Every structure is written in structure tokens, then in C-alpha cells.
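Colleague:
Take a look at the structure:
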């Protein structure tokens with residue numbers, strides 16, 4: 001069979017299978033991401049029906065999927081909102097690093113893998129998957145929730161931290177000098193700073209230049225600009241996902257709204273391909289030997305990520321329900337963890353299977369945690385007792401009978417006012433939970 005023909009047949013079978021799995025997940029009110037991953041395992045090396053002709057195309061499509069996920073996420077927010085979020089969320093970023101990077105580093109040292117592998121595994125357990133979380137937020141209809149900017153603030157801090165972390169890790173793995181590593185780090189920081197500056201100062205000019213009444217022209221310009229910036233960012237040792245996110249931040253107003261509506265179908269297609277590719281890159285036979293340490297690490301860092309989200313949302317003044325939703329949403333790991341593990345395999349080959357099993361567990365658990373953490377916490381949290389009424393002030397005997405009706409009216413009015421004040425918040429929490 002001709003190679004092109006085989007590729008078309010394989011791609012058609014993959015996309016059709018994804019559509020069926022997506023409909024099945026929608027019927028039961030479940031995120032399709034875990035099913036996409038399991039489909040990737042079935043189509044990957046060592047799976048039931050390994051792909052041959054379309055693997056390279058799927059790999060390219062997976063890269064585009066991550067870029068589109070982060071672009072659409074960036075289009076939801078302006079540059080000023082990003083900067084404000086960074087200013088308010090940096091303590092949460094420090095807590096995130098301490099709670100989630102240290103378990104990975106400790107695990108590598110306990111396994112006897114050495115300090116360089118410890119730095120690598122710390123990154124694997126630290127960074128949440130922006131791609132998975134962006135998909136989950138959309139699937140659950142939570143993009144407009146009050147806790148969503150907090151979640152994005154933590155993710156952006158993590159993504160920007162990668163501009164510092166990846167050059168350091170690359171230098172450690174390559175054994176380069178301090179001067180060489182410092183130059184790479186400065187280039188990365190300069191790239192991120194330049195893009196942020198342009199987005200803040202000249203975002204309106206960029207939006208005007210990109211704007212078009214023709215939907216086709218708008219689609220081509222925005223998509224081309226995003227891929228170009230993502231590629232340049234990758235070349236300069238900055239994540240392509242960060243570059244795409246910053247392009248989305250730079251666009252605003254009607255341009256952002258139009259681009260979002262045009263690119264959403266493309267995002268959904270290539271995001272599904274990304275999750276399939278993630279499964280394709282995993283050999284099922286390599287998972288059983290490392291499943292126990294991967295499970296232990298997954299349980300520990302699931303709890304620490306929930307704690308991170310709860311802390312960050314509490315700092316932002318979010319109600320307890322939103323705090324639990326934020327914590328559960330941050331659990332998933334994905335694309336960055338796989339990239340980090342791939343870099344470290346040359347130094348410590350055993351880190352590859354462990355990281356793959358760990359990420360596979362959490363990329364499946366992540367959507368479940370995003371949906372069920374808040375209902376489970378609400379079920380096991382103690383019910384709030386009603387506040388005891390304050391004692392009535394003493395009144396002269398002669399006026400007690402006259403003032404009693406007024407006192408009762410005052411207490412009744414206060415109770416009605418308290419209920420009416422709480423009702424909108426309860427309704428909003430209920431709406432978000434149902435979403």
C-alpha cells in the first residue's frame with residue numbers, strides 16, 4: 001500500500017475513534033482526555049494496533065495542539081490582567097515550587113539517581129500541564145469561574161519559570177560551564193521580557209495590524225503569527241507554549257473574540273491529537289516495573305497540588321468551594337513533564353519509564369480531580385452550625401411590651417437580609433459546581 005494512502009487510512013481511523021470516544025464521554029458527563037490517552041496506548045508501540053505511516057504527522061499535530069491550547073487560553077485575558085495576576089500570585093508560585101518540586105527531588109535521591117536526576121525529577125513533579133488543564137476548564141465550562149484567574153496565574157508562573165529552569169537543566173545535563181549556562185538563561189529571560197513588553201505597550205497596535213473583517217484572513221494571520229512566535233521562542237530556549245500564550249495575551253478586543261471563535265474547532269482537533277500522541281510515546285510494557293514508585297509519587301503530589309490551589313485561591317479571597325476546585329484542577333501533569341524526562345534520560349535512563357508512568361497516572365487522574373475534588377470535600381466537610389442569637393438588650397419594664405414587636409421585626413429583617421446576601425453566592429457556587 002502506498003505510504004500516503006496508509007497515512008490517510010490511519011489518520012481517518014484515529015480521528016473517527018476520537019469522535020466516538022468524545023461522544024461516549026459526553027454521554028456520561030466525563031472529560032474525554034483519559035479516553036484519548038488510552039487510545040494512544042492502543043495505537044502506540046507495544047499496543048494493539050501500532051501506527052506505522054502516520055506517526056510523524058501525529059507528532060507534528062501534537063505540537064500544534066499544545067500551541068493552540070495555550071493560544072486560546074491567552075486570548076481569554078489581557079496583558080494588564082496577566083501582570084496583575086503575576087504580582088498577586090508570586091507567593092503562590094513559591095508555595096507551588098516548595099510543595100511539588102521537593103517530592104520529586106527527594107524521590108530521585110532516595111532511589112540513588114544523583115543530584116542532576118533529582119533536579120530533573122523535581123521539574124517533572126512540579127509543573128502542571130497547561131494543555132490538559134486548558135482542555136479541562138473548557139470541558140467543564142469553568143473559564144468564567146472566579147477561581148479560574150487564580151489557576152491561570154499559577155500556570156503562567158510555572159510556564160514562565162520554565163524559561164529559567166530548562167536552560168539550567170540543559171546546562172547541568174550537558175556539563176557546560178557556568179558562563180555558557182548563564183548566557184542561555186539571559187537569552188531566555190530576555191525573550192520572555194521582550195514579548196511581555198510588546199504585549200503591554202503595543203498590544204492595541206498588534207490587534208489593529210492583525211484585525212480583518214475577512215474571517216479567512218484573520219484565521220491565517222493569527223495562526224501564522226502564533227506558529228512563528230512559538231517557533232522563535234523554542235529556538236531561543238523558551239517554551240513554544242509560552243510563546244503562544246503571550247501571543248494570545250497581546251491580542252485583545254474584537255480581534256481576540258473573532259480569533260477565538262475561528263480557532264476553537266482547530267484547537268479541539270489538534271488537542272485530541274496531542275493527547276493521543278502522548279499515549280503513542282508510551283510503551284505499555286515499560287509501565288509495570290515502575291508502577292509502585294510512580295503511584296506513591298502521584299498520590300503525594302496530587303495532595304500537594306490540591307494544597308497549592310487551595311492556598312492560592314484562599315489568598316485571592318475565593319470561597320471554599322472555589323478553593324477546592326482550583327486545587328483539583330491543578331493536579332494534571334503532561335507536556336512539560338515529558339519534555340523534562342526526555343532531556344534527562346541520557347543521564348539517568350530509569351527516569352524515563354518512571355516519569356511516563358507518573359504522568360500517565362496524573363493525566364488521567366487530573367480531569368477526575370478537577371471534577372470531583374470539590375464535591376468530595378463538601379461531602380466530608382463538617383456542616384456549619386447556625387450562629388447563636390445575640391441576647392436582647394435590657395429594656396425598662398414599662399416599654400418592653402411596646403418595643404417587642406419592633407425588636408422582632410428588626411431580627412426578622414436582619415435574617416432576611418443575611419439570607420438574601422448569601423443567596424447569590426450560593427447560586428454562583430451551585431452553578432459552577434454543576435458546570
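Numbering (this note's numbering), first residue to last: 1 to 435. Yeah, the Cβ is synthetic: ideal placement off N, Cα and C, and Gly gets one too. In this text, all values refer to a predicted model and were calculated from it rather than measured experimentally.
#1: Check for me: the alpha helix (DSSP H) holding residue 214 runs from which residue to which?
#2: Once the 5 residues before and after residue 146 are set aside, which same chain residues still bring their CB inside 7 Å of it?
#3: What would DSSP say about residue 268, mapped onto helix, strand or coil?
#4: Using alpha carbons as the reference points, say which of 259, 332, 169 and 226 lies closest to residue 76.
#5: Short of 7 Å in beta carbon distance, which residues of its chain neighbour residue 290, apart from the five on each side in sequence? Order them along the chain.
#6: Mapping the DSSP letters down to three states, classify residue 282 as helix, strand or coil.
#7: Taking all protein chains shown into account, decide if residue 214 is buried (16 or more other Cβ within 10 angstroms of its Cβ) or exposed.
#8: Would you identify the three-state DSSP class for residue 345, choosing helix, strand or coil?
#9: Taking buried to mean at least 16 other C-beta atoms within 10 Å of its own C-beta, is residue 194 buried or exposed?
#10: If you draw a straight line from the alpha carbon of residue 161 to that of residue 57, how long is it in whole angstroms?
#11: Return the residue from the list 200, 363 and 182 that minimises the CA-CA distance to residue 331.
#12: Please classify residue 77: does DSSP put it in a helix, a strand, or coil?
#13: Would DSSP call residue 142 helix, strand or coil?
#14: Report all residues from its chain with a CB closer than 7 Å to the CB of residue 143; omit the five preceding and five following residues, and keep chain order.
#15: Are there three or more Cβ pairs, one per stretch, closer than 8 Å when the segment 330 to 350 is compared with the segment 119 to 128?
#16: Closest by CA to residue 294, which one among 351, 119 and 199?
#17: Can you tell me where the alpha helix (DSSP H) with residue 350 in it begins and where it stops?
Modeller: Working from what's here:
#1: Taken as a continuous stretch (DSSP letters only), residue 214 belongs to no alpha helix (DSSP H), as it is neither H nor E.
#2: 318 and 322
#3: Correct three-state label for residue 268: helix.
#4: 259
#5: 353, 354 and 357
#6: coil
#7: Label assigned to residue 214: exposed.
#8: Shown here, residue 345 sits in coil according to DSSP, grouped into three states, outside any helix or strand.
#9: exposed
#10: For the pair residue 161 and residue 57, the Cα-to-Cα distance works out to about 30 Å.
#11: 363
#12: coil
#13: coil
#14: Answer for residue 143: 76 and 137, listed in chain order.
#15: yes
#16: Here the closest residue by C-alpha is 351.
#17: Where residue 350 is concerned, there is no enclosing alpha helix (DSSP H), given that its DSSP letter is neither H nor E.
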